[in-house]
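Inspection log for the structure reproduced underneath, given as structure tokens.
Chains as they are written, first to last, in our numbering: chain A, 260 to 564; chain B, 197 to 318.
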């Protein structure tokens, strides 16, 4: 597998992961953290607001930095060569004359708007609005998918399924770091409630992810031959393993660590839950990067008559 | 065995990722059609791709049997169809074999290239 393709996939993956984090954090704050905020002390609430706001700002900065890297690597790719100078020479046209460039600028603009709306936290209504705007930025990523370029009925099905796939990934994986902040800050009983509600949201997201990925797979691959003995198949298999690992972390959080928060050894349960969520976050990041590398790979391709 | 293979496929595609297998622009129709012999020399060669393309980073070159370019070097998109690209020819083609070499950047950001031939009858 060419190193340039992997580098492009990593840059894209980091950009998408950071975008998902902005969306997922704002959504988590508005829909899940609210149940703990109502029963927490002013100091705890201020701490959660400050850290969540910092996390969302960090997400925007990460998305912008990764976008620059992705833009440069995509420009080099578009020239058909591997010369960095050639790629930099076409940065302007790539940014201003292609769908890729327009979407990149548009998505970053929406993420910036979401961060401004969220502000320093403290308003659930503003957090919900920020989640909506960031969700639009995440959904626009689907316009770089095959469905949007293909058009027609199948193209529209692919486009809608990719939008749902991205939003589900954002609501689940993008909210993990914000979950970590709240679990760490609130009383054990509140932390358990928050973890349980997030698990319910995560389960719904997993179902959407599975259904939409199946739709994408059937419509785009359509058979086994492209999956075995190819880079595409190997990356898809690695992603499968990591996805199963993610489900394992989620199940452990839901059925083991979260219930233990109200048990006899709450401090230890909180430590274990924190470690598990952190591992889930890092695994989720790897899954997103592998998904982005997959988007640059294709089995069964024959472009020449 | 077949149900098992199908289940495995669903598992990989469901949990393993969104596919991108056939997700690049390739010629859907060509004018003149690929591999054919035309009786009347064309003045334009055009390709309709399977996806919409970025005209700024896509192009068509037409060469004669001696490898010399016979196109006018100005690949143009169809203003009414984002998936179509065409190039004019310098002068009416003489009888012979021609090669069309194309490259395309689809609007989903993927680059493809290829070639095909057609002939002009005497």
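Quick reminder that beta carbons are idealized off the backbone N, C-alpha and C, glycines included.
Span of the beta strand (DSSP E), counted from its first residue to its last, around residue 309 of chain B: 307-316
Expected contact under 8 Å - CB spacing of residue 305 of chain B and residue 531 of chain A to nearest Å: Not a contact, Cβ separation roughly 42 Å.
Sufficient close CB pairs (3 or more, under 8 Å) joining the segment 285-297 of chain B to the segment 256-270 of chain B: yes
Own chain, CB closer than 7 Å to residue 502 of chain A, minus 5 neighbours either side, in chain order: 546
Contact list for residue 301 of chain B against chain A, beta-carbon separation under 7 Å: 337
Start and end residues, alpha helix (DSSP H) containing residue 285 of chain A: 262-290
Chain-ordered chain B contacts of residue 531 of chain A [CB-CB under 8 Å]: Result: empty, since nearest Cβ-Cβ is about 26 Å, beyond 8 Å.
Test: residue 268 of chain B CB closer than 8 Å to a CB of chain A: no
Separation of residue 523 of chain A from residue 400 of chain A, as counted between CA atoms: 46 Å
Unbroken beta strand (DSSP E) run spanning residue 384 of chain A, endpoints: Premise fails: residue 384 of chain A lies in the alpha helix (DSSP H), 383-399, not in any beta strand (DSSP E).
Minimum Cβ-Cβ distance from residue 356 of chain A to chain B less than 8 Å: yes
Residues, ordered as in the chain, of the segment 376-406 of chain A that lie near chain B by beta-carbon distance below 7 Å: 403, 404 and 405
Interfacial residues, the segment 342-371 of chain A to chain B, with Cβ spacing under 7 Å: 352, 356, 357, 358 and 359
DSSP three-state assignment for residue 300 of chain B, whether helix, strand or coil: strand
Segment contact, 8 Å Cβ cut-off, at least three pairs: the segment 404-414 of chain A with the segment 506-515 of chain A: no
Residues that DSSP places opposite residue 226 of chain B in a beta bridge: B:243
Burial state of residue 254 of chain B (16 or more Cβ within 10 Å): buried
Beta strand (DSSP E) segment containing residue 537 of chain A, residue limits: Per DSSP, residue 537 of chain A belongs to no beta strand (DSSP E); it is in the alpha helix (DSSP H), 525-553.
Residue burial classification, residue 434 of chain A (beta-carbon count within 10 angstroms, cutoff 16): buried
Touching by the beta-carbon criterion (3+ pairs, under 8 Å), the segment 313-321 of chain A and the segment 260-280 of chain A: yes
Through-space distance from residue 249 of chain B to residue 371 of chain A, alpha-carbon basis: 29 Å
Beta-carbon gap between residue 369 of chain A and residue 392 of chain A smaller than 8 Å: yes
Per-residue burial, residue 226 of chain A [other beta carbons within 10 Å of its own, 16 or more giving buried]: Here chain A covers residues 260 to 564 and nothing more, so residue 226 of chain A does not appear.
Beta-carbon proximity list for residue 318 of chain B, same chain, < 7 Å, skipping 5 on both sides: 291
Neighbourhood of residue 286 of chain A by C-beta distance below 7 Å, restricted to the same chain and skipping five residues each side: 390, 430 and 434
Beta carbon of residue 314 of chain B nearer than 8 Å to that of residue 231 of chain B: yes
CB contact below 8 Å: residue 253 of chain B versus chain A: yes
Beta carbon of residue 295 of chain A nearer than 8 Å to that of residue 494 of chain A: no
Cβ of residue 250 of chain B within 8 Å of any chain A Cβ: yes
Within chain A, partners of residue 305 of chain B - CB distance below 7 Å: 333, 359 and 403
Member of A:356, A:365, A:367 and A:366 whose CA lies at the smallest distance from the CA of residue 302 of chain B: A:356
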